[in-house]
Structures are given as C-alpha cells and as structure tokens.
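Undergrad:
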Amino acid sequence: MTTALNNAQSGSYLKWIIAFTASLGALLEVLDTSIVNVALTPMQSSFGATISGIGWVVTGYAIANVIIIPLTAWLGDRFGKKRSFVFSLIGFTIASVLCGLAGSLSALVAARILQGLLGGGLLAKGQSILFETFPPAEQGLAQAVFGVSMISGPAIGPTLGGYLTDTLGWRWIFFINVPVGILAVTMAILFLPSDAEQPANLPRVDWWGIGLLAVALGSLQIFLEEGEQKNWFDSGFIVGFAIAAIIGISLFIWQELSTRHPAVDLRVLRYRSLAAGSLFSMVVGVGLYGTLFVIPIYAQGVLHYTAQQTGLLLLPGALASAITMLSLGRVTSKVDARLLIAAGSLMTGLVMFHLAHLNPSTSSETLFWPLVFRGGAIVLMFLPLTLATLSPLPKKDIPAGTGFYNLTRQLGGSIGIAALSTLLDRRETFHRAILSEGVSLYDPQTQSRLQMLTGAMQSRGSDAMTGHQQALTLLEQTVNLQATLLSFEDIFRIVGWVFVGILPLVFLLGKGKTQPAPGGH
C-alpha cells in the first residue's frame, strides 16, 4: 500500500513538472512576441535601417508563427509529440543565439523567421500535452499554471526588454532565452513521456495543404502588418497580398476538406464549442494584444514615458493576471465557465469605457486600477474559455483543436493591432480637422487665447514676433493633443462595445466543467 501511495505521489509530482516544462516553452514563445518591440529603435541605429525595414524583425516572426501553429498537431502525429516539442525548444534556443549574433538586418530577420517557425508551435503543443496529461478534475489548475505564462508574457516583455536594452544592449533580449531554453530542453527530455512507436506506413504528406497554408496565412499576416504603413488598398503591394490571402484561404479550405489525411484537420470545427470558442478567442486576442498595443502608445506619446517606464506601467496588470489565473484554477470545476466568461467580457468592456475618459492630467496612478482590473478581467475570459472550448473535444482531437484555437487568438491580436492602429490614425485626423475649424484666427476667443500666450512668451524674454510664433506653436500643439486624446477615447469605446457585443456567443460554448471528454481514453 505504501508503494502504491509513493507511486501515486510520484505520478502527481511528475504531472506538475510536465506542466512547468510546457509553461516554460510557452513563456519563451510569448515573451519573444513582445520583448522585441521596445528595442526596435536601437536595432535600427545599429544597422542603419529604415523604419519599414526594421519592422520586419516583428513581422517575420509573426508570419512564421501563424503559419506553424495550425501544423502542430500534424507535426506531433508525424514525428511524435515529445520529439517535436524537444526539437522546437532546441531550435528556438539556437535561433535566439543567431538573433543575438546577427551582423546585419537581413541576418536578424532570417533568424527571427527561423525563431518563429520553431517556437510558434510551443504554445499549442504545451497546451495539448496538459490536456493529455491531467485528468478532467485537475484541468482547471493545470491550465491556470500554463496560462500564467501566456497572459503575463506580453506584459512582462516590454519591461524586461526595456531593462535589458537600456543596461546591456538589445542583443541580450535574445541571449536571455538561452538559459531558459536549456532548462526547458533538459526538463522536456527527462520528464515528458516517451512517444509511442510510429506506424510503419505513414500517410503521404499533404504538401499542397502545407504550401497553401503558408501562402494564405503568410499573405494575410503581411496584409495586416504592413497595411497601415502603406495606406491599405491605395497600395498595389497590399492589394496583391489581400488577393493572395483570399485565394489561398479558399483553396486551402477546399484542399483540407477534400484530402483523406490533411495537414490541418478543419473537420474539428464540427464541434460547436470549438467553433464558437475560436471566434471568441479572436476577440480576446484583440483585448489582450490590441489594448497592450494602444496603451504603450498613449504612455509614450502623451505621458512621454520611456520604454522601461511603460513596461512598469503594465507590470501590475500582469501580476493581477497571474494571481487571478492561479486563484481561478481552483474554482473552474465548480462554476459554469460561461458565467465567468460573461463576467470577464462585461468587466473588460467597463474598463475600456472607463479608460475612454482620458485627459492631459491622466497619470500612471490614475491608470493603475483600470489596468489591474483589466488584467483580472482578461483571465476571467481566458482560462474558462480554454476549458469551455477544448474540454468537450475527444482526446484524439485535442491537438488539432488546440492548434486552431491558438491560431485564432494570434490572428485576433494581429487583426486588433492593425484595426486599432488604423482607427487611431483616422480618428486623430478627423478630430484634428474638427478642432481646427473651431480654432480660427478670426475667432475672438482664439485671438484672446493667442494674445495671452504671446504675452506669456514675451514675459519669458521673447520679442513680439518670436513670442507670436511660439504662441501659434503652442496653440497647434494643444489642438494636436486634444485630437490625440479624443482618438484614444474613440478606440477604447469601440473595444468596450466589441466585448459587450460578443456576449451572445457565450451561449454556444460548453459549460467547461471538468467532466470526462466524450470519446476520451
């Protein structure tokens, strides 16, 4: 009896070691999505690159990510889950070293693409491993441990990246991956269960499916990443990639549904919970990555924060996410996931509406609690949504389901960033035009304001002509600041209404309670 108890305890410890190993892999992948953003300017200076050129350090990684994520289930089936996970970890770590050693922009972009291809599947692979390792009753806490890295990574990345860039140089944002990667590889080799023997006659590789997937998602990602810089459909370059994405996606869906052994099993979308959960996941991606894109722009553009100060502004929200995630993991088996998702969606909407009341005096102290509540609210959707989406699936369909589910969140983030950056620019132009109409030099109030500012400049030692020019500049800066603030208000309100608007999708999800999955073995 003592032996049986020891074996049970040993098995319990091993499960949590496996969870920690999977989480390390996910942390590496997620962290490198955001840690680079704060180091782009030093990189640009190092290589003498253009803004559009240095942007490919981010774009290349994102494109490689979205291409490989849907293939993770096929790679696991083809080469073995442990083997492909360990290979990805080793390759990601080596690619990180190559990024840090890059002597030119082209070498850095190539290494980033390699890094994205090798690391893109770590998220879906890790999540799939947990669903296959833990019994239903422990899934909530296991996914909570795993989710801490997924939620905290995007917020911690800018803080860590800013610190490393300011103190050691931008290359260390890649070298920091090496010790973590070595630890993750060692643990994966030692503790992940061995792969089953591969069948002698493996099905033919769906090369057409893989090729069409690369064209479809690669074109879509380039369209989203580069569209705003090139003025969207005014650019033949963007129009070409939009057409390639539409044709590629159409042919890819036809190919995968018509072949017997597809590279990406789209048939898993027959499960209502996965279809609805993936759509909801796209909106969560907007909320997670889109708002994390907008808030730093506000902090640096309006509050004039440094990269490190901006990272510290986001840090309390990341800690709130981690604490909420671990606390929630213990109660998910007792509460209908749909109630938690609805509460999280409403809370996120309310936080966005609150953030819409920005003004020039808004400070980090004013933003503290809204960002903390946002961190907790995202988790109320994130963890229960994962369980409600994936737990109803049979165990054999979990790898394909996790790949598709993670892809939608990644695409949601890309769509959110592209849409919000475009809206921010358009609304700022709109508000500047409206405000400029009201600031006419023939308007008595404007003339009075201008005279007051000119007098203030003269009292500081400027002559009449210089003081007048300085007053005009200050007046223009005031108009621009107000236009910027109004555009941010619009963005936060739009995101808030999106979260309120997706609430009906909750009724299509599963309860997410820890019941045995149908068909599971």
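Residue numbering for the sequence shown follows this note's numbering, starting at 3 and increasing by one per position. Quick reminder that beta carbons are idealized off the backbone N, C-alpha and C, glycines included. All figures in this text were calculated on a predicted structure; none of them were measured in a lab.
1. How many Å lie between T364 and L314 at the Cα?
2. How about V38 and I178: are their beta carbons less than 8 Å apart?
3. Taking the alpha-carbon positions, what's the M152 to G128 distance?
4. Helix, strand or coil for L511 per DSSP?
5. To the nearest angstrom, how far is the alpha carbon of P396 from that of A75?
6. Using only CA atoms, which one of T368, W172 and L476 lies nearest to H356?
7. So, is L83 buried or exposed, given that buried needs 16 or more other C-beta atoms within 10 angstroms?
8. By the 10 Å Cβ neighbour count, where 16 or more other Cβ atoms means buried, how is G250 classified, buried or exposed?
9. Take the Cβ of N67 as the centre, count every other Cβ of all protein chains shown within 10 Å, and call the residue buried at 16 or more, exposed below.
10. Pick from V381, G62 and K336: whose alpha carbon is nearest that of P138?
11. Can you give the Cα-Cα distance for F432 and K232, rounded to whole angstroms?
12. Are there any heavy atoms of the ligand ATP lying less than 7 Å away from the beta-carbon of V60, as far as the coordinates show?
13. Could you check if E439 is buried or exposed, using at least 16 other CB atoms within 10 Å of its CB as the buried criterion?
14. What is the C-beta distance between S36 and P181, in whole angstroms, given that I count them as a contact (C-beta under 8 Å)?
15. Suppose contacts are defined by Cβ-Cβ distances below 8 Å. Is A247 in contact with A218 by that definition?
16. Report the three-state DSSP secondary structure of P520 (helix, strand or coil).
17. To which residues of the same chain is L215 closer than 6 Å at the C-beta, ignoring the five residues directly before and after it?
18. Would G418 be called buried (16 or more neighbouring beta carbons within 10 Å of its own) or exposed?
19. Judging by CA-CA distance, which residue of Q117, T135 and R269 is the nearest neighbour of S196?
20. Can you name the start and end residues of the alpha helix (DSSP H) that D79 belongs to?
21. Report the rounded CA-to-CA distance for I115 versus G62, giving the unit in angstroms.
22. Once DSSP output is grouped into helix, strand and coil, what is the label at G123?
23. Have a look at A109 and I325 and give me their C-alpha separation to the nearest angstrom.
24. Decide yes or no for the touch test of the region 236-243 against the region 294-308: beta carbon pairs closer than 8 Å, at least 3 of them.
25. Taking 8 Å as the cut-off, decide whether the C-beta atoms of F406 and P72 are in contact.
26. Measuring alpha carbon to alpha carbon, tell me which of L387, Q145 and L125 ends up nearest A344.
27. Under the assumption that L16 contacts F282 (Cβ atoms under 8 Å), give the Cβ distance between them as a whole number of angstroms.
28. Smallest Cα separation from D399: which of Q141, R272 and L29?
29. Would you kindly report the start and end of the unbroken alpha helix (DSSP H) that includes L192?
30. Could you give the distance in angstroms between the alpha-carbon of A24 and the alpha-carbon of F81?
31. Check each candidate in V40, G303, I131 and L342 and name the one with the smallest Cα separation from D79.
32. Please name the residue in S106, L348 and F89 whose C-alpha comes closest to that of G55.
33. Helix or strand or just coil, what does DSSP make of N361?
34. What three-state label does DSSP hand T424 in the structure shown?
35. Please classify A6: does DSSP put it in a helix, a strand, or coil?
36. Taking C-beta to C-beta, are M1 and A126 nearer than 8 Å?
TA: Let me spell this out:
1. 16 Å
2. no
3. 11 Å
4. Of the three classes helix, strand and coil, the one that applies to L511 here is coil, per DSSP.
5. 14 Å
6. Looking from the CA of H356, the closest CA among T368, W172 and L476 belongs to T368.
7. A small fix is needed here, since residue 83 is Lys in this sequence, not Leu. Classification for K83: buried.
8. buried
9. buried
10. K336
11. 19 Å
12. With respect to small molecules bound, the structure shown includes none, and the ligand ATP cannot be examined in it.
13. exposed
14. P181 and S36 do not touch by the CB rule: their CB atoms are close to 20 Å apart, not below 8 Å.
15. yes
16. Low local confidence applies: a pLDDT of 39 at P520 is under 50, so the model's placement there is unreliable, with the coordinate-based value given in what follows. In this structure, P520 counts as coil in the three-state DSSP scheme.
17. F254
18. buried
19. T135
20. T74 to F81
21. 5 Å
22. coil
23. So the alpha carbons of these two residues sit roughly 39 Å apart.
24. By the Cβ criterion, the region 236-243 is not in contact with the region 294-308, since fewer than three pairs of Cβ atoms, one from each stretch, lie closer than 8 Å.
25. yes
26. L387
27. In fact, because the Cβ distance is near 33 Å, the residues do not count as touching under 8 Å.
28. R272
29. Per DSSP, L192 belongs to the alpha helix (DSSP H) from N179 to F193.
30. If I take the Cα positions, the gap works out to 18 Å.
31. I131
32. The residue with the shortest Cα to Cα distance from G55 is S106.
33. In the structure shown, N361 sits in coil (DSSP, three-state: anything other than H, G, I, E or B).
34. Correct three-state label for T424: helix.
35. Residue placement at A6 cannot be trusted, given a pLDDT of 36 that sits under 50; what the coordinates show is reported in the next sentence. Correct three-state label for A6: helix.
36. Because the chain in this structure spans residues 3 to 523, residue 1 falls outside the shown range and cannot be described.
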